[in-house]
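There are 2 protein chains.
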Amino acid sequence: MKLQVSIDLVSLEQALNLLKEVAQYVDIIEAGTPLIKQEGLRVVTAFKQAYPDKLIFADMKTMDAGELEAELAFQAGADITTVLAVANDATLSGAIAAAQKYGKSVTADMIGVHDRLQRAKELKQLGIQSLEMHWGLDEQAHHNWDFNELRVIKDTVGIPFAVAGGINETTINQVQATGAEVAAVGGAIYNATSPVEMALRLRSQISALSTV
Amino acid sequence: MKLQVSIDLVSLEQALNLLKEVAQYVDIIEAGTPLIKQEGLRVVTAFKQAYPDKLIFADMKTMDAGELEAELAFQAGADITTVLAVANDATLSGAIAAAQKYGKSVTADMIGVHDRLQRAKELKQLGIQSLEMHWGLDEQAHHNWDFNELRVIKDTVGIPFAVAGGINETTINQVQATGAEVAAVGGAIYNATSPVEMALRLRSQISALSTV
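From first to last, the protein sequence lines stand for chains Z and U. Heads up: the first sequence is residues 1 to 212, going by our numbering. Heads up: the second sequence is residues 1001 to 1212, going by our numbering.
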């Protein structure tokens, strides 16, 4: 399982300072949605320039203009961009077309989807390469993790997925046990007393469980 | 009815050049979602500085972190920010809290909502001040305008609304007849041979129909 750091800070300078500490322990660097909106896609360009060997994930959360927004993200240096799974199928197809053109990837963010299993099937049919099973910042206070649902979606639909939303030291092993390809961790790292120690501990927990 | 220009160009320079021509004929200047993501919220600041007497509309299309994203938009100079109507109620409530704090306004973008009448009722209950009845760029090829539905929502729920999505010279009178507070026009202005003439013609059509 890959470790992704989700940077929901809102200044590029803060983000780069955090990355100086934690980038060495992660596989994927995520420019969070509020960071992109505040600073623009230059944050993605700055991440790619500073860390060319890491995958750069632009959390665009695209709801419309799928092809245009995905192109903007890829042109800025993103390896992966996100489209909302609740978006119109034409928006998702537009983003997929852009990904094919640039040789990059689109993830559908499942935030706000009511019937996740049904939508996962439809998204696979549309050609989406991976899902982000995501409980939003505003949902986390109310949700209960349902790891079994993730296993059912994985077994039934057979599409790779990331898990995001409140993952920490206590839950990361359960996330890995669902068969997730990626654990995206935000606040548990950037709000930690020592972000670098937390990133190292999360990385070690993943390695300890991995068989490959 | 107010006229809003939706700027879905992707550079601040292009946007400011367009506004030099058309701002005089509009009431509300919208920074489109791709423009905000490409350039960052400095576009909103630039619009407000250049046109302090116009309302500045930040089409944030917020899906998560409602309070944070709305605060970022208001701090940048927006008078109005958007939250997706398909977002979690907690996200909408967070944005409403930020609007109350800053004395500004939140519009719920109805793109992607299946039962618009039901959701409009819920949004009014949550404290949303206005709706944007929106057919997205990716939907416009497929949708049929249903002006009657807008009248039903207006009469039943009694919440002010804007209409957006493919409005042009041919349809703006029908939009006004629904009782919309705002017509948001994008491509019909910025793709016109003469944007300034188109903005003037749209403005004249609205004035000709207005009784106040």
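Idealized CB from N, CA, C, for every residue including glycine. Treat the numbers as computed from the prediction; the structure is a model and nothing was measured.
Non-local C-beta neighbours of U:LEU1035 in its own chain, meaning closer than 7 Å and more than five positions away in sequence, comprise ILE1007, ASP1008, LEU1009, VAL1010, ALA1015, VAL1043, ordered along the chain. For U:HIS1134, the number of other beta carbons within 10 angstroms of its own is at least 16, and it is reported as buried.
By the Cβ criterion, the stretch 1072 to 1092 of chain U is in contact with the stretch 1102 to 1120 of chain U, since at least three pairs of Cβ atoms, one from each stretch, lie closer than 8 Å. Listed along the chain, the chain Z residues whose CB falls inside 7 Å of the CB of U:ILE1111 are MET63, ASP64. Excluding the 5 residues flanking it on each side, U:PHE1147 has same chain C-beta neighbours closer than 8 Å at GLN1174, VAL1175, ALA1177, THR1178, in chain order.
Assignment of U:LYS1104 by DSSP, reduced to helix, strand and coil, places it in the coil class. Under the Cβ distance rule, Z:ALA90 counts among the residues neighbouring chain U, one pair being separated by less than 8 Å.
A contact between stretches requires three or more CB pairs, one per stretch, nearer than 8 Å, and the stretch 1087 to 1106 of chain U fails this requirement with the stretch 153 to 166 of chain Z.
Residue pairing for U:ILE1007: DSSP places it in a beta bridge opposite U:ALA1031. For U:ASP1138, the closest Cβ of chain Z is nearer than 8 Å.
Interface flag for Z:PRO52 against chain U is unset, since no Cβ pair is found closer than 8 Å.
Distance from Z:GLN4 to Z:ILE28 at the Cβ level is roughly 4 Å; contact confirmed, criterion being Cβ atoms closer than 8 Å.
Using beta-carbon distances, U:GLN1049 does not count as an interface residue toward chain Z, since no partner is under 8 Å. For the pair U:ALA1031 and U:PHE1047, the CB atoms are nearer than the 8 Å cut-off. Look at U:ALA1087: its C-beta is under 8 Å from a C-beta on chain Z. Between the beta-carbon of U:ILE1080 and that of U:LYS1104 there is about 7 Å, and that keeps the pair under the 8 Å contact cut.
The Cβ atoms of U:ALA1095 and U:GLY1066 lie closer than 8 Å to each other. By the neighbour-count criterion, in which 16 or more other beta carbons inside 10 Å mark a residue as buried, Z:LEU209 falls on the exposed side. Here U:ALA1188 is near U:ILE1167, since their CB atoms are less than 8 Å apart. For U:LEU1041, there is no enclosing beta strand (DSSP E), as DSSP marks it with neither H nor E.
Of Z:GLN118, Z:GLU13, Z:PHE74, the smallest CA-CA separation from Z:LEU55 is found for Z:PHE74. Distance from the CA of U:MET1063 to the CA of U:LEU1123, rounded to the nearest whole angstrom, comes to 15 Å. In chain order, GLU67 place their CB closer than 7 Å to the CB of Z:ALA97, counting only its own chain and leaving out the 5 sequence neighbours on each side. Checking the DSSP bridge columns, you'll see Z:HIS134 partnered with Z:ALA164. Look at Z:GLY40: its C-beta is under 8 Å from a C-beta on chain U.
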